[in-house]
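Have a look at the structure below, then the notes.
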Ligand SMILES: [Mn+2]
């Protein structure tokens, strides 16, 4: 599903400068001095449908995380370390100043840089209740936040269509729990009485609760919509015109209505419950106007959704077997084919073609990253016709990709080489691999968080004053978002790891202008057997990903005996799991790839 996006808006034929002129005219009309443009849509999706890509439209930046502030005469755009090289290539710096969002958030930037009275406009659908309230308290007195219509929409006249498709039901035999059981659980956790309504504006939570999926979000099988959970049923609200005056019953306890009914149905509730961090500010305003009782809660679904039940884990395991077969076909093709026929795009196309052979594969879980040589240093590089690089024998090739299978979601990174590697390439690859092994074989006392595990994946790099500018791992859904919270292995994540959670382990090393190496497996958390002496509960990871590492890049003499044993048994397990499903020629390739080191 790789789309080579055209950064020029051909339909309206406007340059970035012309768009900024139009927007600034509107800002004047609405009497604001600045306008906030976040990346997210009204559902706070990470990957947004083209219809919602306002940040891209006004700045040219295509990354999945960003935020711009447009002033009367200047503008500033923020993103994180993953996109620091990409943003310089995509965004014209004579119009936009570029800032690192981790070092300086947009609001602290405003506090530091604005020294006069200004009014900053924002779209109340795109900023959460918590964000607006916090910022109103922390911003300097002379900076006023003012709700306005989305001004980009006022000037972006030829938008791509919203393209909403009919959702589909996912059988309970794949989800492990039916929607009635899930609704009951939410009712109990939130103490919902008849007449109370819990508002959810997050598609991932809605789809989990109702065992339903859709086609509205690129790379994630989700349906866009808001929902109200009541005592014994859920009502979903979609902007799809078909449901106007024509609500449907999706399941016995799941209704689907048109979006305009959302606020009128809220008015009928005795009490509204919502999570401030993920609910758009507009909701708070509407509740206040209607004078309804409200209560702030944390969304119980995010944790329930993160802890996979045995059926969901079984599905994820199955999807990783299917993906392992696709990857073994891809890597063996890469090794076989003549080098002059290889460029970055050909890898992307071939891998997708191979994955598509599996009937339960829907589409890629994100745009494949295929990066040769120096392009590998651009952490979230996405190849375009312009950047496409021919592959040479000496290049390290970083391929980060994943699939959405009906059974589960995958995400895997391997770094490959065609020719004979240099000793520096082998050294760095092995250091990254040691980080992955260290976490993969770790056992830890129950209760630890991702923040506490993160340094272990960096230990072998830190020893040589090397590091990477991204988290070590993220939570992963089951036939849902490839990035799914609340768990994660990062410097900031303080969610205790619990059995059933799926995470990635993906350390890397990047040398700008030279190379990029990343290795990524998905794992899930499970209980480790108790020791009889202390009887303390310990946890460990079980690896899901079944893809051999690049043997040519492993410097065995740098590995301890334990690390060698880990790799050997990992490879042995791949062969055991995949060989029943593949033909003789594939078996013999895999046998070699998994041979003992
Ligand atoms: Mn990943």
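In our numbering, the protein residues as written are 57 to 653.
Cβ atoms here follow ideal geometry from the backbone N, Cα and C, with glycine treated the same way.
Keep in mind that this is a model prediction, so the values were computed, not measured.
Near residue i, which residues of its chain fall below 6 Å by C-beta distance, leaving aside the five closest residues on each side in sequence?
{"i": "residue 83", "result": "91"}
{"i": "residue 338", "result": "180, 181"}
{"i": "residue 426", "result": "400, 403, 404, 439, 455"}
{"i": "residue 75", "result": "114"}
{"i": "residue 396", "result": "none"}
{"i": "residue 614", "result": "486"}
Would residue i pass as an interface residue toward chain C - the criterion being a Cβ-Cβ separation below 8 Å?
{"i": "residue 638", "result": "Given the protein chain composition of this structure (a single chain), no chain C is represented."}
For residue i, does the three-state DSSP call read helix, strand or coil?
{"i": "residue 291", "result": "strand"}
{"i": "residue 476", "result": "coil"}
{"i": "residue 247", "result": "coil"}
{"i": "residue 423", "result": "coil"}
{"i": "residue 408", "result": "helix"}
{"i": "residue 175", "result": "strand"}
{"i": "residue 49", "result": "Outside the shown range of the chain (57 to 653) lies residue 49, about which nothing can therefore be said."}
{"i": "residue 145", "result": "helix"}
{"i": "residue 382", "result": "helix"}
{"i": "residue 139", "result": "helix"}
{"i": "residue 549", "result": "coil"}
{"i": "residue 337", "result": "helix"}
{"i": "residue 82", "result": "helix"}
{"i": "residue 483", "result": "helix"}
{"i": "residue 584", "result": "strand"}
{"i": "residue 655", "result": "A query on residue 655 cannot be resolved here, the shown segment of the chain reaching from 57 to 653 and no further."}
{"i": "residue 435", "result": "coil"}
Per the DSSP calculation, residue i is bridged to which residue(s)?
{"i": "residue 214", "result": "Its beta-bridge partners do not exist; DSSP assigns none."}
{"i": "residue 577", "result": "561"}
{"i": "residue 399", "result": "446"}
{"i": "residue 599", "result": "579"}
{"i": "residue 460", "result": "419, 465"}
{"i": "residue 500", "result": "595"}
{"i": "residue 282", "result": "293"}
{"i": "residue 328", "result": "253, 350"}
{"i": "residue 649", "result": "In the DSSP output, where bridge partners are listed per residue, residue 649 has none listed."}
{"i": "residue 202", "result": "177"}
{"i": "residue 344", "result": "Beta-bridge pairing links residue 344 to no other residue."}
Going by other Cβ atoms of all chains shown within 10 Å of its Cβ, with 16 needed for buried, is residue i buried or exposed?
{"i": "residue 570", "result": "exposed"}
{"i": "residue 591", "result": "exposed"}
{"i": "residue 655", "result": "Lying before the first or after the last residue shown, residue 655 is absent from the chain, which here runs from 57 to 653."}
{"i": "residue 378", "result": "buried"}
{"i": "residue 251", "result": "exposed"}
{"i": "residue 547", "result": "exposed"}
{"i": "residue 192", "result": "exposed"}
{"i": "residue 219", "result": "exposed"}
{"i": "residue 249", "result": "exposed"}
{"i": "residue 518", "result": "exposed"}
{"i": "residue 520", "result": "exposed"}
{"i": "residue 163", "result": "buried"}
{"i": "residue 612", "result": "exposed"}
{"i": "residue 423", "result": "buried"}
{"i": "residue 357", "result": "buried"}
{"i": "residue 375", "result": "buried"}
{"i": "residue 628", "result": "exposed"}
{"i": "residue 101", "result": "buried"}
{"i": "residue 651", "result": "exposed"}
Sorted by chain position, which residues of the same chain lie with C-beta nearer than 7 Å to residue i's C-beta, five sequence neighbours on each side aside?
{"i": "residue 315", "result": "293, 294, 295"}
{"i": "residue 405", "result": "none"}
{"i": "residue 502", "result": "593, 594, 595"}
{"i": "residue 634", "result": "377, 380, 381, 384, 602, 646"}
{"i": "residue 299", "result": "312, 313, 314"}
Beta-carbon within less than 8 Å of residue i's beta-carbon, same chain only, minus the 5 sequence neighbours each way: which residues are those?
{"i": "residue 116", "result": "63, 72, 146, 147, 148"}
{"i": "residue 512", "result": "491, 494, 495, 498"}
{"i": "residue 234", "result": "228, 267"}
{"i": "residue 323", "result": "346, 348"}
{"i": "residue 637", "result": "377, 381"}
{"i": "residue 206", "result": "110, 179, 181, 182"}
{"i": "residue 448", "result": "395, 428, 429, 474, 475"}
{"i": "residue 204", "result": "86, 88, 91, 177, 178, 179"}
{"i": "residue 68", "result": "212, 213, 214"}
At a threshold of 7 Å, does residue i count as lining ligand 2 (C-beta to nearest heavy atom)?
{"i": "residue 436", "result": "The model depicted lacks ligand 2 and carries ligand 1 instead."}
At a cut of 8 Å, does the segment 359-373 reach the segment 284-292 through at least three beta carbon pairs?
In short, these stretches do not touch, since the Cβ pair count stays below three.
Inter-stretch contact (C-beta, 8 Å, three-pair minimum) for the segment 459-474 and the segment 381-396
Touching, yes.
Is the segment 573-589 touching the segment 555-565, taking contact as three or more C-beta pairs under 8 Å?
These segments touch.
How do the segment 307-321 and the segment 270-277 stand: do at least 3 beta-carbon pairs fall below 8 Å, yes or no?
Cβ pair count under 8 Å is below three, so no.
Are the segment 535-550 and the segment 325-337 touching, with three or more C-beta to C-beta distances below 8 Å?
Short answer: they don't touch.
Three or more C-beta pairs closer than 8 Å, one from the segment 618-625 and one from the segment 578-595: is that the case here?
Taking a cut-off of 8 Å on C-beta distances, the segment 618-625 does not touch the segment 578-595, as fewer than three cross pairs fall below it.
Per the contact definition of three or more C-beta pairs closer than 8 Å, is the segment 91-103 in contact with the segment 212-226?
No: fewer than three Cβ pairs fall under 8 Å.
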